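Comments concern the structure below.
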């Protein structure tokens, strides 16, 4: 072979090798306490989310995506690829006065990605350990973290409150890496959006980007001001009948705008078509209770902190330029623990053994059946456990009854006419970015919306509540609203599922209740911030 032919062959092989070695960017966006009925691609005409919807219609809407019922467990499962009860992170959300976090012996998602050459960045909520520096994001594979370490905070002052025996204890919870971010001001959803888009703008594209954007929205704030949004935006939502829901709608508008701005930033950087985008909620909405934000899981039964569908069946979507699922909808079971192996598979990174998560990348792409047939929700703090087994779900133990009813239907009222959905979609940032790339969304989005909308009868006169002597069994495929209890009709199935559930529960690291608020964590010891205290 002469030198010119050899050089040409060498260049071709080099290009092929380079293309094969290139990994996709990954942008993972998490909403906090977002209800099933709080996105318009699930059929709501009250709260419009055109940017989120445009990603669902041009990507894949996940029809049966499940998470843990509470924020700390769901985030722990996302990061580890394991059920939260396997790492001792199940149950009631982590408090800032509690010395607990994802065990440092467990490898987490950003560590796998960093080892594969990714730039790893977290913007927003952590909430899986901050009592020790070894628990913090920058000790767990993230190159940078700008955000709050707590479960929620004030949207303008960035403070977080806990109730101790001495009364309310408050401190600032916004940090840039290891330093309190006292210099920051503005509405936190906008602040996080600006940080995320700046990271994209400044990213060195010689390496792939992993950006986790974990918004506080639409979680409630502190008790004194639980719903917060710019007043002028709240007034734009005057067609929403409920005053509280109106403020929630404004918070959702800011969240949807954030998604649009992030997609626009990826497009401006010429990164969009090399990026996988995920949008999910961490758990169901909190319609009532101490941390209520007036979210709605309607028509599903239950809310956050319950094992019913409203607490664990949540919004999810996956977008990538090269997806082959022409139906733009996937009805297979997927659990939050599945993201770690699924994203590693998409990035051609070896999947570690010993995970509870399942790789769904090929199945979602090809619209083939899910390989997941079982899912568990074990909360030994509250005292309940549940299992999904094929089409059936069994719930045992003691649930909090106030969180286990059908709620949110009274929040859907509209005064006059809501803004036209089609207009909102056509004028959204994501829609127009996709159109500029020749990826126009057509009328087929209506079929996706219809598939993703749940309709069922809630007129059951008898609702089962599990306790020490009673179990509840439902066919969640035929009865997604869990109105018809079936344990008496399927005693053999109940026995089989009970045995499996007990076996899974035996794997758990028991969750103990903290007996007191540790005074060492008091913000007054750290310039009134919730800082590392051990």
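Residue numbers (mature numbering (1 follows the signal peptide of the UniProt record, and there is no 0)): -21 to -1, 1 to 513. Beta carbons: idealized from backbone N, C-alpha and C, even for Gly. Nothing here was measured: the structure is a model prediction, and the numbers come from that model.
Task: Simplified DSSP assignment, three categories, for residue 181 - done: On the chain shown, position 202 is the one that residue 181 refers to. Three-state result, residue 181: helix.
Open item on the list: If you reduce the DSSP assignment to three classes, tell me which class residue -13 lands in.
Closed with: Here residue -13 refers to the residue found at position 9 when the chain shown is read from its first residue. At residue -13 the pLDDT is 44, less than 50, meaning the model places this residue with poor confidence; the figure from the coordinates comes in the next sentence. Helix, per DSSP.
Task: Unbroken stretches of the alpha helix (DSSP H), 4 residues or longer, contained in the segment 398 to 458 - done: 400 to 405, 408 to 415 and 424 to 431
Open item on the list: Taking the straight line between their C-alpha atoms, what separation do you get for residue 340 and residue 329?
Closed with: As a first step, residue 340 is located in the chain shown; it is residue number 361 there, counting from the start. As a first step, residue 329 is located in the chain shown; it is residue number 350 there, counting from the start. For residue 340 and residue 329, the distance between alpha carbons rounds to 13 Å.
- [ ] Give the DSSP-derived three-state secondary structure of residue 547 in the structure shown.
- [x] There is simply no residue 547 to check, as the chain begins at -21 and stops at 513 in what is shown.
Open item on the list: Let me check understanding here. Comparing Cα to Cα, which of 507, 495, 505 and 508 lies closest to residue 144?
Closed with: In the chain shown, residue 144 corresponds to position 165, counting from 1. Comparing Cα-Cα distances from residue 144 to each of 507, 495, 505 and 508, the minimum goes to 495.
Open item on the list: Residues in the same chain with beta-carbon distance under 8 Å from residue 447, minus the five sequence neighbours each way, listed in chain order, please.
Closed with: Numbered from 1 along the chain shown, position 468 holds the residue referred to as residue 447. Here the set comprises 376 and 377.
Open item on the list: Does the contact criterion of 3 or more C-beta pairs under 8 Å hold for the segment 81 to 90 versus the segment 165 to 172?
Closed with: no
- [ ] Compare the beta carbon distance of residue 41 and residue 296 with 8 Å and say whether it is the shorter of the two.
- [x] Along the chain shown, read from residue 1 onward, the residue named residue 41 stands at position 62. Along the chain shown, read from residue 1 onward, the residue named residue 296 stands at position 317. Yes. Within cutoff.
- [ ] Pick out whichever of 56, 127, 286 and 25 has its Cα sitting closest to the Cα of residue 393.
- [x] One-based indexing of the chain shown puts residue 393 at position 414. Ranking 56, 127, 286 and 25 by Cα distance to residue 393 puts 25 first.
Open item on the list: So, for residue 336: in the same chain, excluding its five sequence neighbours on each side, which residues have a beta-carbon less than 6 Å away from its beta-carbon?
Closed with: The residue given as residue 336 occupies position 357 in the chain shown. 60, 316, 317, 319 and 320.
Task: Nearest to residue 214 (by Cα), restricted to the options 226, 513 and 203 - done: Here residue 214 is taken as the residue at index 235 of the chain shown, counted from 1. Answer by Cα proximity: 226.
Open item on the list: Buried or exposed for residue 32, going by 16 or more other Cβ atoms inside 10 Å?
Closed with: As a working mapping, residue 32 is identified with position 53 in the chain shown. Looking at its Cβ environment, which holds 16 or more other Cβ atoms inside 10 Å, residue 32 is buried.
Task: residue -2 versus residue 327: straight-line alpha-carbon distance, rounded - done: Here residue -2 refers to the residue found at position 20 when the chain shown is read from its first residue. Here residue 327 refers to the residue found at position 348 when the chain shown is read from its first residue. Per-residue confidence for residue -2 stands at a pLDDT of 46, beneath the threshold of 50, marking its modelled position as unreliable; the derived number appears in the next sentence. The alpha-carbon atoms of residue -2 and residue 327 are separated by roughly 9 Å.
Open item on the list: Extract the residue ranges of the beta strand (DSSP E) inside the segment 110 to 168, only unbroken runs of 3 or more that lie entirely within it.
Closed with: 123 to 127, 138 to 143, 146 to 151 and 153 to 155
Open item on the list: Taking the alpha carbon of residue 272 as the reference point, which residue from 195, 333 and 166 has its own alpha carbon closest?
Closed with: One-based indexing of the chain shown puts residue 272 at position 293. Among 195, 333 and 166, the Cα nearest to that of residue 272 is on 195.
- [ ] Throw me the rounded Cβ distance for the residue 64 and residue 487 pair, which I believe falls under 8 Å.
- [x] Along the chain shown, one-based indexing puts residue 64 at 85. Along the chain shown, one-based indexing puts residue 487 at 508. About 4 Å; that satisfies the 8 Å criterion.
- [ ] Drop a sphere of 10 angstroms on the beta-carbon of residue 141, count the other beta-carbons inside from all chains shown, and report buried for 16 or more, exposed for fewer.
- [x] Against the chain shown, residue 141 aligns to sequence position 162. Buried, by the Cβ-count rule.
Task: Proximity of residue 153 and residue 135 at Cβ, strictly below 8 Å - done: For this step, residue 153 is matched to residue 174 along the chain shown. For this step, residue 135 is matched to residue 156 along the chain shown. Not a contact, by the Cβ cut-off of 8 Å.
Open item on the list: Helix, strand or coil for residue 500? Go by DSSP, reduced to three states.
Closed with: Along the chain shown, read from residue 1 onward, the residue named residue 500 stands at position 521. DSSP places residue 500 in helix when its eight states are reduced to three.
TODO: Along the beta strand (DSSP E) that carries residue 356, what are the first and last residues, could you check?
DONE: As a first step, residue 356 is located in the chain shown; it is residue number 377 there, counting from the start. That run of the beta strand (DSSP E) goes 353 to 358.
- [ ] Indicate whether residue 117 and residue 157 have their beta-carbon atoms separated by less than 8 Å.
- [x] Translated into positions along the chain shown, residue 117 becomes position 138. Translated into positions along the chain shown, residue 157 becomes position 178. Going by C-beta atoms, residue 117 is nearer than 8 Å to residue 157.
Open item on the list: I'd like to know if residue 211 contacts chain C, where contact means its C-beta is closer than 8 Å to some C-beta of that chain.
Closed with: Here there is only one protein chain, and chain C is not present.
TODO: Inspect the CB distances between the segment 419 to 426 and the segment 351 to 358 and report whether three or more fall short of 8 Å.
DONE: no
- [ ] Could you tell me whether the Cβ atoms of residue 294 and residue 386 are closer together than 8 Å?
- [x] Indexing the chain shown from 1 puts residue 294 at position 315. Indexing the chain shown from 1 puts residue 386 at position 407. Contact: no.
- [ ] For residue 52, count neighbouring C-beta atoms within 10 Å of its own C-beta (all shown protein chains included) and say buried if the count is 16 or more, exposed if not.
- [x] Position 73 of the chain shown holds residue 52. With 16 or more other Cβ atoms within 10 Å, it is buried.
TODO: Could you check which residue in 18, 334 and 413 has the C-alpha nearest to that of residue 249?
DONE: Within the chain shown, the letter at position 270 stands for residue 249. Measuring from the Cα of residue 249, the nearest candidate turns out to be 413.
Task: Nearest-angstrom beta carbon gap, residue 263 and residue 239 [assumed within contact, 8 Å] - done: Translated into the one-based positions of the chain shown, residue 239 becomes position 260. Translated into the one-based positions of the chain shown, residue 263 becomes position 284. Wrong, their Cβ atoms sit about 24 Å apart, outside the cutoff.
Task: Candidates 216, 512, 187 and 223: closest to residue 204 by CA position - done: Locating residue 204 in the chain shown gives position 225, counting from the first residue. Minimum Cα distance to residue 204 is reached at 223.
Task: residue 300, DSSP secondary structure in three states - done: Translated into positions along the chain shown, residue 300 becomes position 321. Three-state result, residue 300: coil.
Open item on the list: Contact between the segment 300 to 315 and the segment 276 to 285 is defined here as three or more beta-carbon pairs at a separation below 8 Å; is this criterion met?
Closed with: no
Open item on the list: Can you give me the C-alpha to C-alpha distance between residue 458 and residue 374, rounded to a whole angstrom?
Closed with: Working through the chain shown from its first residue, we reach residue 458 at position 479. Working through the chain shown from its first residue, we reach residue 374 at position 395. So the alpha carbons of these two residues sit roughly 15 Å apart.
Open item on the list: Using a Cβ distance threshold of 8 Å, determine whether the segment 121 to 132 contacts the segment 477 to 491, with at least three qualifying pairs required.
Closed with: no
Task: Runs of alpha helix (DSSP H) wholly within the segment 201 to 236 (minimum 4 residues, chain order) - done: 210 to 215
- [ ] Would you kindly work out how many angstroms separate the C-alpha atoms of residue 70 and residue 361, rounded to a whole number?
- [x] As a working mapping, residue 70 is identified with position 91 in the chain shown. As a working mapping, residue 361 is identified with position 382 in the chain shown. Straight-line Cα distance between these residues: approximately 7 Å.
TODO: Starting from the C-beta of residue 193, find all residues in its chain whose C-beta is less than 6 Å away, skip the five residues before and the five after it, and write them out in chain order.
DONE: Taking the chain shown and counting its residues from 1, the one referred to as residue 193 is at position 214. Cβ within range, chain order: 9, 103 and 104.
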